[in-house]
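Numbering (our numbering), first residue to last: 28 to 217.
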């Protein structure tokens, strides 16, 4: 299957995570980092999720998933329960309501997959393997971390300032592109 790569704005969007273990915790951290409003449904929580709850960074419903939970106005759902049947049921219900759903260990049940992500402030590089090997995606990301230094973020900021000025000018598109290209070439990164 070919996935359509996209970056979602989840700022202030309701996100549901089903499960309370280490995998759920990693998903929660990522959602919070991007501004999602996270609710967790799980009868048991790992210490890290308990900590987020005590800091009031997430809302927790302390019980196992009940049929119908995934349709309560969530923008997206992450199924990371230890029980595959719970994940399957929640995914099916979310998809029936056209809610984006990711099943942590089963890309076939997911409407989206989460790539391995490298961030340098506003510069984001995502590596995906179509759900075939998250470990390979992670290893590639680690390799890219050595190549893509903080200097790329500095370059991005210079380009953003130049782009903003160029938008306000009457420069033809060809000249704008020439300007951006010269800034990139002067960086010494390429």
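Where a beta carbon is used, it is the ideal one built from N, C-alpha and C, also for glycine.
Residue 144 and residue 153 have their C-alpha atoms spaced approximately 5 Å apart.
A Cβ-Cβ contact shorter than 7 Å links residue 52 with residue 76. Under the three-state reduction of DSSP, residue 45 is assigned to strand.
Per DSSP, the beta bridge partners of residue 127 are 103.
Under DSSP, residue 150 shares a beta bridge with 147. In this structure, residue 126 and residue 103 form a Cβ contact; the two beta carbons are roughly 7 Å apart against a cut-off of 8 Å.
If the five residues before and after residue 73 are omitted, its C-beta is found closer than 7 Å to the C-beta atoms of 47, 48, 49, 52, all from its own chain and listed in chain order.
When secondary structure is reduced to three states using DSSP, residue 66 falls in the strand class. If you draw a 10 Å sphere on the C-beta of residue 105, you find 16 or more other C-beta atoms in it, and that means buried.
Within a 10 Å sphere around the beta-carbon of residue 187 sit fewer than 16 other beta-carbons, which makes this residue exposed. When Cβ pairs closer than 8 Å are counted between the two stretches, the stretch 106-115 is seen not to touch the stretch 80-89, the count staying below three.
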